[in-house]
Amino acid sequence: MKLLFLTDTHIRGTNPSRRLDDFKETLLRKLEEVREIAIEEEVDYILHGGDLFDRPDTAPSVVGEFVKLLRTYPKPIYIVAGNHDLYGHNPQTLPRTMLGLLIASGVVNLIPDKPILLDGESGITLQLSGRNFDYTLDNKDSNAYHVKKSSSADYAIHIVHGMLLDRPFFESGFTLIEGVETEADITIAGHYHLGFGVREYKGRYFLNPGSLVRASADIKEINRTPQVAIIELKDEVNITLRKLKSAPKGKEVLDRRAIEEEKFRERKLAEFIRQIKASDEFKVFSIDAILNKIASNKGLEEGTIKEALHRLELAQEEVGQGGENN
1 MKLLFLTDTH
11 IRGTNPSRRL
21 DDFKETLLRK
31 LEEVREIAIE
41 EEVDYILHGG
51 DLFDRPDTAP
61 SVVGEFVKLL
71 RTYPKPIYIV
81 AGNHDLYGHN
91 PQTLPRTMLG
101 LLIASGVVNL
111 IPDKPILLDG
121 ESGITLQLSG
131 RNFDYTLDNK
141 DSNAYHVKKS
151 SSADYAIHIV
161 HGMLLDRPFF
171 ESGFTLIEGV
181 ETEADITIAG
191 HYHLGFGVRE
201 YKGRYFLNPG
211 SLVRASADIK
221 EINRTPQVAI
231 IELKDEVNIT
241 LRKLKSAPKG
251 KEVLDRRAIE
261 EEKFRERKLA
271 EFIRQIKASD
281 EFKVFSIDAI
291 LNKIASNKGL
301 EEGTIKEALH
311 RLELAQEEVG
321 QGGENN
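Numbering-wise (the UniProt record's numbering), the sequence shown opens with residue 1 and increments by one.
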């Protein structure tokens, strides 16, 4: 049995703020290539890890373009719902969403919590289960990744739209691979756009090839090429990653100017603090007094003074601090 897995397509009609190209047209080309890969690899099923849409109420005209393409896919598509597919990240709203419409119309199939059995032409029986996004997925006491394997199945695959990681990046709100107790042969995750590729732990596989799209101008996103995973189930598991030829280079479609400008402002602030310490000790505490002190300080560069005044003005507006007597 052979499967193709992709995730986090974030279908939308508008451009993310950091994109330089036509996001929708680029995504259509990517999904056309995914279809061709599925045909070339002669897969039995296509699996999607969630966030098919960027919004639950994506414009019908945009949805129509993608439905037309998805209907040309050679094999059935099985999917879990991601947080962007749902209103308020609430799985109960799925029937009212565009993903819910595609499920009801048979364009895609929702993977249920309760495992189903799928047969392939090779005689392999696959147990497939999934978990839609919800806020409890990655709680410490969550069982979202825990699966029992049926004796009727040759292999078990479990798909979760959760923050499954190979190493910790945050203080909380994630699940580590090494903390997953499961009988699933392959646990697949979406949600984390950078992905971690293929990992093997205690004889079981964990997979996240990363999002099919790049919406942020993070340097890791710029250097990443979107890809899909081909899963082959025979006497053993074989997982390969295929980079998309239709995906432009990150530096051609992602704009880092705003990020670089923010970094420049942060450097200016650090320089301001350094110069303040070097030129004078501030023993005043009200914002008005600080503003006056900065404006009259001859030891500071003009650009540094302007940036400092601007930041303090914003802070004053935010906290509603008027004068020295407040």
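The beta carbon of each residue, even a glycine, is placed where N, CA and C say it ideally should be.
Can you tell which of Y155, V198 and Y135 has its C-alpha closest to the C-alpha of I124?
Y155
Element boundaries [alpha helix (DSSP H), containing residue 344]:
The structure shown does not extend to residue 344, since the chain spans only 1 to 326, so no value can be given for it.
Pick from N132, T7 and L70 that is closest to L102, judged by C-alpha positions:
L70
Can you tell me whether L86 is helix, strand or coil according to DSSP?
coil
Out of V213, D141, V43 and T304, which one is the CA nearest neighbour of F53?
V213
In the DSSP assignment, what residue or residues form a beta bridge with I79?
H48 and L110
Shortest alpha-carbon distance to V160 belongs to which of N143, E252, D21 and R167?
N143
For the segment 168 to 175 against the segment 249 to 256, are there 3 or more C-beta pairs whose distance is under 8 Å?
no
Counting only the same chain and skipping the five closest in sequence on each side, list residues whose C-beta sits under 6 Å from that of K148.
E183
Starting from the Cα of L20, find the closest Cα among K245, A229, A38 and I222 and give me that residue.
I222
Quick check on the burial criterion: 16 or more other C-beta atoms within 10 angstroms. Buried or exposed for D8?
buried
Would you check if there are 3 or more beta carbon pairs closer than 8 Å linking the segment 84 to 92 to the segment 103 to 120?
no
Quick test of the definition: if touching needs 3 or more C-beta pairs under 8 Å, does the segment 40 to 47 touch the segment 66 to 82?
yes
Relative to the C-alpha of G51, which candidate in V80, G13, K245 and T225 has its C-alpha closest?
Checking the sequence, you will find Asp at residue 51 rather than Gly. Among V80, G13, K245 and T225, the Cα nearest to that of D51 is on V80.
Pull up the distance between the alpha-carbon of S150 and that of I186, whole angstroms please.
14 Å
Please go through the same chain and pick out, in chain order, the residues whose beta-carbon is closer than 8 Å to the beta-carbon of R199, but skip the five residues on each side of it.
D166, I177, Y205, F206 and L207
Quickly, what does DSSP pair I11 with across the bridge? List them, please.
F53
Buried versus exposed, by CB contacts within 10 Å (16 or more), R96:
exposed
For G49, which option in T26, F66, A153 and H84 has the closest C-alpha, if you only look at C-alpha atoms?
H84
Sorted by chain position, which residues of the same chain lie with C-beta nearer than 6 Å to L241's C-beta, five sequence neighbours on each side aside?
P209, Q227 and A229
Under a Cβ-count criterion, where at least 16 other Cβ atoms within 10 Å of its own Cβ denotes burial, should I39 be classed as buried or exposed?
exposed
Identify every residue that forms a DSSP beta bridge with V198.
L207
Which residues DSSP lists as bridging Q227, in chain order:
K243
Cα separation between K2 and L28?
24 Å
Give the straight-line distance between the Cα atoms of L126 and G106, rounded to the nearest whole angstrom.
21 Å
C-alpha distance - residue 328 paired with P168, whole-angstrom precision:
The chain is shown from 1 up to 326; residue 328 falls before or after that span and cannot be answered.
What are the start and end residues of the alpha helix (DSSP H) that includes L99?
M98 to A104
Since E33 and K245 should fall inside the 8 Å C-beta cutoff, what is the C-beta to C-beta distance between them, to a whole number of angstroms?
7 Å
From L4 to Y78, what distance separates their C-alpha atoms?
10 Å
What is the rounded straight-line gap between the Cα of V63 and the Cα of V108?
13 Å
According to DSSP, is K140 part of a helix, a strand, or is it coil?
coil
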